[in-house]
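Peer 1: So that we are looking at the same thing, I have put the structure below in structure tokens.
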Amino acid sequence: MFWHWAFHDLPDLPEANSALWDVRREPAVTILDRQGRVLTVRGPRYGQAVTLDELPDHVPQAFIAIEDQRFYEHDGVDQQGTLRALAVNLRAGEIEQGGSTLTMQLIKNLILSPDRTVRRKVQEMRLALALERRLSKQEILELYLNRVYLGEQAYGIEAASQRYFDKPASELTLQQAALLAALPKAPSRLAPTANLDAAQARAQDVLQAMLEQGFIDEMTYLTAVSTPAVPIAGSELVADPAIFGHAYDAAVAEVTALLGEEELAPDLIVRTTIDADLQRAAHAAIMETINGAGADRTASQAALVSMTPEGAIRALVGGTDYTESQFNRAVQAERQPGSAFKPIVFAAALEAGYEPSSAFEDAPVDIDGWTPENFGGGYRGRVTIADALKRSINTVAVQVGAAIGTGPIVDMAERLGIDTPLAGHPSITLGAEEVTLKELTGAFLVFANDGVRRAPYLVEDVRTSRGSVLYQHDLTERSTALSQDTARAMSTMLQAVVRDGTGTRAQLGARPVAGKTGTSQNSRDAWFVGYTADFATGVWVGNDDDTAMANVTGGSLPATIWRDFMSEAEDGLPVTALNAPPPRRRSESEERLAAFYSELSSRFDALIEDPSGN
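Residues 158 to 771 in our numbering are what the sequence shown spells out, letter by letter.
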């Protein structure tokens, strides 16, 4: 009768000892930045498994002293402790002490429910005895230290050490070990972030127990109690979700795409390409402009993505505040890029045989009844492709598209990394098709990389908490999207856009910058996408409800955000030239024609600025 009552539903221990490390572990994903700094933990925090050999002796000693002084003497059940607890409970008329050994606590955490009943306690004892027959004392202690709950969603000594002290468990001081050993009794109530006084008082009990057990001497004890451990200031290691949340989501989505849903359990440690300092700088640049000039010009949202020449994303801001909106405008939003798409059009033209010096007539055009106009109106006469890109002349882009056909333009976009399906309408030449900011920034990166495409990525590697590598990014992955000559010609033209074209606000002093502005119809979207030798960065500004902004162009708010962020990103880096094609000696007639066009363009600019001619 007793046997059936106590054990009829007793769960079995996992057959394999290795399975004990993973049993009843809720899925968790730890997100690290590129330097290994913890940004967030989604789900319970399981630190990387540590062995006793990796820990200072005072760490296991602290837990043994306060939780199970006879750990090395009993067989899983401490009869003396059980009888003592039974006497206390009988006097109190309720369960006040459990007499649990470390082995029994481990069983409770791994196998059984937390119910405080006599029946549960009997089951705990039986399973603890069975576990002691299977594992050595060292194995049990290691497993306990790696799975014990220590508050603040931290499971295991490594996770708790990182959570409260921002250091690995191998570096814990005696005082810090005592503070952590104080927590298993009541991890939520005693969490030092919530009740430091109570936690430190319990830590003194731990130190007293260590003294009585001979683990430390009197002088060490007095020194430790006089200098109690304190969690690091602002000990919350999770970076501000308002700033980092969109990057977290994008990283988890990338991991899921790489490994599949089934690999997300029991827990993963994901090292991303994100630089936490640059992420904060990107968000700060966005907020300063949106809360300042943006408020006056009815611009309420912005996004930014920045990547290295290898495609490693260093900053990804999907909106002003992740806590208010989880929609990622850098990755999920498909918006019209306007003239920021023209570099793709002109790259296709160069492949078709045109040159930057090829001239077209800037004049009214009519494509089957479609009559696009230049921004601000007016026409300049005969201009080169290079000048048309620099000044973002619509009519020339449309004529180029009509001359080469939209098929090569769509093909060029796909080769450069635009994955969003594009229709081959004539209006594609003016960026009327929708793309994402991440895609377009990655496309510009090809121009910076001499025609080599490197797909943007967020995940450097994925490991389990026990160190097994599940994924490692392959830096050799690349493809040739266009010729080096075409890429360098585009880079030269895009530098002119920033030097004295529509993108002058994005200048970074003496540092060479290439880029392009873009504005969709009625200022619903404004873009600036550009690059230096170190980073390719794209910025989008607009409103979620697609309402028009007050005359916001790509050369205004987006270029300002771009410049402010890139000034921080480039701080301390050497000034490096961008790739450029070797100079081609022009004929005498070409020199005269170029001088004529330059003079004519300058006069036209002056006439626009002062129609009276003064």
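Ideal placement from N, C-alpha and C gives every residue a C-beta, glycine not left out.
Could you compute how far the alpha carbon of Thr-480 sits from the alpha carbon of Thr-429?
Peer 2: Start at 1 with the first residue of the sequence shown, and residue 480 comes out as number 323. Start at 1 with the first residue of the sequence shown, and residue 429 comes out as number 272. Taking the straight line from one Cα to the other gives about 21 Å.
Peer 1: Report all residues from its chain with a CB closer than 7 Å to the CB of Asp-232; omit the five preceding and five following residues, and keep chain order.
Peer 2: For this step, residue 232 is matched to residue 75 along the sequence shown. Excluding residues within five positions, the ones whose Cβ falls inside 7 Å are Leu-286, Glu-289.
Peer 1: Can you name, in chain order, every residue of its own chain whose Cβ lies under 7 Å from the Cβ of Ala-663, other than the five neighbours on each side?
Peer 2: Locating residue 663 in the sequence shown gives position 506, counting from the first residue. Val-655, Val-670, Gly-672, Phe-685, Gly-687, Ala-716, Trp-719, Arg-720, listed in sequence order.
Peer 1: Classify Ser-175 as helix, strand or coil using the three-state DSSP reduction.
Peer 2: What you label residue 175 is simply residue 18 of the sequence shown in a count that begins at 1. Because Ser-175 sits at a pLDDT of 48, beneath the cut-off of 50, its placement in the model cannot be relied upon, and the following sentence gives the value as read from the coordinates. If DSSP states are grouped into helix, strand and coil, Ser-175 belongs with the helices.
Peer 1: Can you give, in chain order, each stretch of the beta strand (DSSP E) that sits fully within the stretch 653-699 and has at least 3 residues?
Peer 2: 671-676, 682-688, 693-699
Peer 1: Run through DSSP, which three-state label would Ser-584 get?
Peer 2: Here the question's residue 584 lines up with position 427 in the sequence shown. Here Ser-584 sits in helix by DSSP.
Peer 1: May I have the straight-line CA-CA distance separating Leu-632 from Val-696, to the nearest angstrom?
Peer 2: Sequence index remark: in the sequence shown, residue 632 carries index 475 (1-based). Sequence index remark: in the sequence shown, residue 696 carries index 539 (1-based). Leu-632 and Val-696: Cα-Cα distance of roughly 26 Å.
Peer 1: Gly-391 to Ile-314, Cα distance in whole Å?
Peer 2: Counting from 1 along the sequence shown, the entry for residue 391 is found at position 234. Counting from 1 along the sequence shown, the entry for residue 314 is found at position 157. Confidence at Gly-391 is low in this model, with a pLDDT of 49, below 50, so its placement is unreliable and the value that follows should be read with caution. Using only the alpha carbons, I get a separation of about 20 Å.
Peer 1: Sort out for me which residues DSSP pairs Met-464 with in a bridge.
Peer 2: For this step, residue 464 is matched to residue 307 along the sequence shown. Ile-470, Ala-693, per the DSSP bridge assignment.
Peer 1: For Thr-260, does the count of other Cβ atoms within 10 angstroms reach 16, so buried, or fall short, so exposed?
Peer 2: What you label residue 260 is simply residue 103 of the sequence shown in a count that begins at 1. Thr-260 is buried by the Cβ-count criterion.
Peer 1: Can you give me the start and stop residues for the beta strand (DSSP E) that Asp-519 sits inside?
Peer 2: Counting from one through the sequence shown, the residue named residue 519 turns up at place 362. From DSSP, the beta strand (DSSP E) with Asp-519 extends over 516-519.
Peer 1: Using a Cβ-Cβ cutoff of less than 8 Å, which residues in the same chain neighbour Gly-558 once the five nearest sequence positions on both sides are dropped?
Peer 2: For this step, residue 558 is matched to residue 401 along the sequence shown. Within the same chain, Gly-558 has close Cβ partners Val-502, Ile-566, Pro-583, Ile-585, Thr-586.
Peer 1: Looking at C-alpha atoms only, which residue of Tyr-229, Lys-595, Asp-728, Gly-510 is the closest neighbour of Pro-494?
Peer 2: By 1-based counting over the sequence shown, the position of residue 494 is 337. Comparing Cα positions, the closest option is Lys-595.
Peer 1: Looking at C-beta atoms only, is the number of pairs between the stretch 340-351 and the stretch 370-378 that lie closer than 8 Å three or more?
Peer 2: no
Peer 1: Taking DSSP's pairing of strands, which residues face Tyr-306 in a bridge?
Peer 2: By 1-based counting over the sequence shown, the position of residue 306 is 149. Per DSSP, Tyr-312.
Peer 1: Go to Tyr-628, then tell me how far its beta strand (DSSP E) extends in each direction, as first and last residue.
Peer 2: In the sequence shown, residue 628 corresponds to position 471, counting from 1. Looking at the DSSP string, the run of the beta strand (DSSP E) that includes Tyr-628 is 626-629.
Peer 1: Evaluate Lys-499 with the Cβ neighbour count: other Cβ atoms within 10 Å of its Cβ, from every protein chain shown; 16 or more gives buried, anything less gives exposed.
Peer 2: Walking along the sequence shown from the start, residue 499 turns up at place 342. Answer is buried; the Cβ neighbour count reaches 16.
Peer 1: Cα separation between Leu-394 and Ala-206?
Peer 2: Numbered from 1 along the sequence shown, position 237 holds the residue referred to as residue 394. Numbered from 1 along the sequence shown, position 49 holds the residue referred to as residue 206. Here the model assigns Leu-394 a pLDDT of 46, short of 50, so the residue's position is not dependable and the matter cannot be decided.
Peer 1: If we ignore side chains and look at the alpha-carbon of each, how far apart do Ile-264 and Ile-297 end up?
Peer 2: Reading the sequence shown from its first residue, position 107 is the one you call residue 264. Reading the sequence shown from its first residue, position 140 is the one you call residue 297. Whole-angstrom Cα-Cα distance: 10 Å.
Peer 1: Exposed or buried, Ala-249, counting other C-beta atoms within 10 Å across all chains shown (16 or more means buried)?
Peer 2: On the sequence shown, residue 249 is found 92 positions in, with the first residue counted as 1. At Ala-249 the pLDDT is 49, less than 50, meaning the model places this residue with poor confidence; the figure from the coordinates comes in the next sentence. Exposed, by the Cβ-count rule.
Peer 1: For the beta strand (DSSP E) holding Arg-635, just list the boundary residues, first then last.
Peer 2: Within the sequence shown, numbered from 1, the residue matching residue 635 stands at position 478. Taken as a continuous stretch (DSSP letters only), Arg-635 belongs to no beta strand (DSSP E), as it is neither H nor E.
Peer 1: Let me check understanding here. Comparing Cα to Cα, which of Gly-660, Val-216, Val-626, Ser-713 lies closest to Leu-425?
Peer 2: Counted from its first residue, the sequence shown places residue 425 at position 268. The shortest C-alpha separation from Leu-425 is found at Val-626.
Peer 1: With a cut-off of 8 Å on the beta carbons, I'd call Gly-602 and Gly-468 a contact; round off their distance for me.
Peer 2: Taking the sequence shown and counting its residues from 1, the one referred to as residue 602 is at position 445. Taking the sequence shown and counting its residues from 1, the one referred to as residue 468 is at position 311. Looking at the sequence itself, residue 602 is Leu, so the reference to Gly does not match. Correct: roughly 7 Å between the Cβ atoms.
Peer 1: At what residue ranges does the stretch 530-613 contain a whole run of the alpha helix (DSSP H), taking only runs of 4 or more?
Peer 2: 542-547, 551-561, 563-573, 594-605
Peer 1: Could you give the distance in angstroms between the alpha-carbon of Val-234 and the alpha-carbon of Gly-308?
Peer 2: The sequence position of residue 234 within the sequence shown is 77, counting from 1. The sequence position of residue 308 within the sequence shown is 151, counting from 1. Looking at the two C-alpha atoms, the distance is approximately 26 Å.
Peer 1: Which value, in whole angstroms, describes the spacing of the CA atoms of Ala-497 and Thr-676?
Peer 2: Locating residue 497 in the sequence shown gives position 340, where the first residue counts as 1. Locating residue 676 in the sequence shown gives position 519, where the first residue counts as 1. Rounded to whole angstroms, Ala-497 to Thr-676 spans 8 Å at the Cα level.
Peer 1: Which value, in whole angstroms, describes the spacing of the CA atoms of Ile-252 and Gln-262?
Peer 2: What you label residue 252 is simply residue 95 of the sequence shown in a count that begins at 1. What you label residue 262 is simply residue 105 of the sequence shown in a count that begins at 1. With a pLDDT of only 47 at Ile-252, under 50, the local geometry of the prediction cannot be trusted, and no value is derived from it.
Peer 1: Return the residue from the list Thr-455, Met-650, Gly-608 that minimises the CA-CA distance to Thr-541.
Peer 2: The residue given as residue 541 occupies position 384 in the sequence shown. Nearest option by C-alpha distance: Met-650.
Peer 1: If contact is defined by three or more beta carbon pairs under 8 Å, each pair taking one atom from either stretch, is the stretch 596-615 in contact with the stretch 538-552?
Peer 2: Three or more Cβ pairs closer than 8 Å define a contact, and the stretch 538-552 falls short of that threshold against the stretch 596-615.
Peer 1: What residues in its chain sit with their C-beta under 7 Å from that of Leu-189, if we drop five residues either side in the sequence?
Peer 2: Here the question's residue 189 lines up with position 32 in the sequence shown. Around Leu-189: Val-195, Leu-196, Ile-426, Val-427, Arg-428, Thr-429.
Peer 1: Would you call the CB atoms of Arg-454 and Ala-707 closer than 8 Å?
Peer 2: Counting from 1 along the sequence shown, the entry for residue 454 is found at position 297. Counting from 1 along the sequence shown, the entry for residue 707 is found at position 550. Against a cut-off of 8 Å, the Cβ pair of Ala-707 and Arg-454 comes out as a contact.
Peer 1: Taking a contact to mean a Cβ-Cβ separation below 8 Å, would you say Ala-509 touches Ile-561 in this structure?
Peer 2: Here residue 509 corresponds to residue number 352 of the sequence shown, with the count starting at 1. Here residue 561 corresponds to residue number 404 of the sequence shown, with the count starting at 1. A contact, by the Cβ cut-off of 8 Å.
Peer 1: Using DSSP's beta-bridge definition, name the partner residues of Trp-527.
Peer 2: Walking along the sequence shown from the start, residue 527 turns up at place 370. Per DSSP, Ile-524.
Peer 1: State the start and end residues of the unbroken alpha helix (DSSP H) segment that holds Glu-411.
Peer 2: For the purposes of this step, residue 411 is identified with residue 254 of the sequence shown, where counting begins at 1. Here the alpha helix (DSSP H) through Glu-411 covers 398-416.
Peer 1: Give the straight-line distance between the Cα atoms of Asn-448 and Ala-545, rounded to the nearest whole angstrom.
Peer 2: As a first step, residue 448 is located in the sequence shown; it is residue number 291 there, counting from the start. As a first step, residue 545 is located in the sequence shown; it is residue number 388 there, counting from the start. Asn-448 and Ala-545: Cα-Cα distance of roughly 33 Å.
Peer 1: In this structure, how does DSSP classify Ser-392 when only helix, strand and coil are distinguished?
Peer 2: The residue given as residue 392 occupies position 235 in the sequence shown. Because Ser-392 sits at a pLDDT of 42, beneath the cut-off of 50, its placement in the model cannot be relied upon, and the following sentence gives the value as read from the coordinates. Coil, per DSSP.
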